[in-house]
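For this note's numbering, count along the sequence shown from 1 and bump the result up by 30. Using N, Cα and C, we set each Cβ at its ideal position, and we do this for glycine too. The model shown is predicted, which means the values in this text are computed figures rather than measured ones.
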Amino acid sequence: MDQRRAELGEFLRTRRARLKPQDVGLPDHGRRRRVPGLRREELSQLAGVSVAYYTRLEQGEAGNVSAEVLESIARALRLTDSEHAHLMHLAKPRQPRRTSVARPQRARPGLLRLLDAITDIPAYVTGRRAEILAWNPMAAALFGDWSRLPPAERNWARMIFLRPEYRELFVDWEQKQIDAVSALRMEAGTHPDDRGLSALVGELSVRNEDFRRLWATHDVKEKQSGVQRLRHPLVGDLTLHYDSYRPAGDTEQCLVTYYAESSGPAEEALRLLASWGVDATRAGDTGSLWVGHVGQAPPSTPSAG
């Protein structure tokens, strides 16, 4: 079976399993269900497609799917915008490039110039494989001195699932794991020919049980803004807001910034980190990423390659 069709079938099954009859306006006659969620015939009825055709879709046996059918299924499954986009990528994959070698990404020059200008709040640039491509000193003070890591290890997915210090940093640890996997799953659907991304998913699946469990849920999400609660080893608890910005037409890189509410304790904590500079990194344990040369790190020269 084609891997892309298998992914599509599994995604449809997991979305169907989370819906109950009452969620979609169908009567529930109280009969015990052998499987969670809607039955295939119920979903087919909602989508206006035959049970036989929908079954072939879930089994990875259907050929080309029309846009109209996909839209009907997306509405029936109550997909979010991110899930809708993921469905379209799975059903209508782009033609693979001539070469799919896992070449390292480098931050775009325009993003580097913008990053150089951001000095008072944490900011960094990420790539499509969750790499940290570039960052400013404030980001290093907040999240750790990434220049101490080999380039291949400067990756959010790797750090969250393979470096124990990040379990202590993020207060909502389980949600942070979910967000990381959901974003990576979204990227995998958008870039199905990326060997580097496939290798990363394979490695994390082997090395971490939590990642393997969350990857199997097929959840997808593209988080553009939100709130992050941290327990920093030097300044304690702080709550920050974050926003992500993508250059027009760019599906591979984005700039992420963190900021605190005005006149609040988190804003004061960021000021302390900024003023301490190198001295702040000397306050922790020698094995921590918060020890090193944060204040001396060039704001934008590090890259994934």
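Mind checking residue i: buried by the 16 CB within 10 Å criterion, or exposed?
i      : result
Asp224 : buried
Arg46  : buried
Gly226 : buried
Pro152 : buried
Arg197 : exposed
Gly39  : buried
Val155 : buried
Arg35  : buried
Pro167 : buried
Thr316 : Because Thr316 carries a pLDDT of 41, less than 50, the predicted location of this residue cannot be relied on, and the following value inherits that uncertainty. Exposed, because fewer than 16 other Cβ atoms sit within 10 Å of the Cβ of Thr316.
Gly174 : buried
Val231 : buried
Val211 : buried
Arg128 : With a pLDDT of 45 at Arg128, under the threshold of 50, the modelled position of that residue is not reliable, and the figure given next carries that caveat. Arg128 is exposed by the Cβ-count criterion.
Ser112 : buried
Arg184 : buried
Ala169 : buried
Considering residue i, what are the terminal residues of the alpha helix (DSSP H) in which it resides?
i      : result
Gln75  : 70-77
Leu302 : 295-306
Thr44  : 33-47
Val54  : Run containing Val54: none; DSSP gives neither H nor E here.
Leu145 : 139-147
Val99  : 97-106
Arg188 : 186-192
Ala182 : Ala182 -> no alpha helix (DSSP H), and no H or E assigned at all.
Glu113 : 111-121
Looking only at C-alpha atoms, which of the options sits nearest to residue i?
i      : options                        : result
Gly78  : Ala104, Glu233, Thr44          : Ala104
Thr220 : Phe200, Gln205, Lys251         : Lys251
Gly256 : Pro51, Val286, Asp280          : Val286
Val95  : Glu195, Gln75, His119          : His119
Arg188 : Leu234, Thr281, Arg43          : Leu234
Gly122 : Leu144, Glu98, Gln135          : The sequence shown places Lys at residue 122, rather than the Gly named in the question. Checking every option, the nearest Cα to that of Lys122 belongs to Glu98.
Cys284 : Asp111, Leu68, Gly140          : Gly140
Leu319 : His262, Ser292, Ala304         : His262
Ala213 : Tyr83, Gly266, Glu72, Glu282   : Glu282
Lys11  : Pro180, Asp240, Arg178, Ser177 : The shown model of the chain, from 31 to 335, leaves out residue 11, and the question about it has no answer.
Ile208 : Leu179, Arg243, Asp267         : Arg243
Glu291 : Asp280, Gln258, Gly279, Tyr275 : Gln258
Pro181 : Pro222, Glu204, Arg136         : Arg136
Just reading off the beta strand (DSSP E) that residue i is part of, what are its end residues?
i      : result
Val81  : Element bounds for Val81: not the beta strand (DSSP E) but the alpha helix (DSSP H), 81-88.
Val201 : Run containing Val201: none; DSSP gives neither H nor E here.
Ala164 : 162-165
Thr156 : 153-156
Leu285 : 284-289
Since residue i and residue j are thought to touch, with beta carbons under 8 Å apart, how far apart are those beta carbons, to the nearest angstrom?
i      : j      : result
Arg138 : Pro277 : 7 Å
Leu270 : Ala296 : 6 Å
Leu76  : Ala106 : 4 Å
Phe200 : Asn238 : At roughly 15 Å, the Cβ-Cβ gap does not stay under 8 Å, so Phe200 and Asn238 are not in contact.
Phe41  : His114 : Not really, about 11 Å apart at Cβ, beyond 8 Å.
Ala171 : Leu303 : 4 Å
Asp249 : Arg193 : With a Cβ gap of about 23 Å, Asp249 and Arg193 do not count as contacting.
Tyr84  : Leu73  : 6 Å
* To do: Scan the stretch 221-279 and note each continuous beta strand (DSSP E) run of 3 residues or more that stays entirely inside, going in chain order.
  => Within the stretch 221-279, the runs of beta strand (DSSP E) that reach at least 3 residues and sit entirely inside it are, in chain order, 255-262, 266-275.
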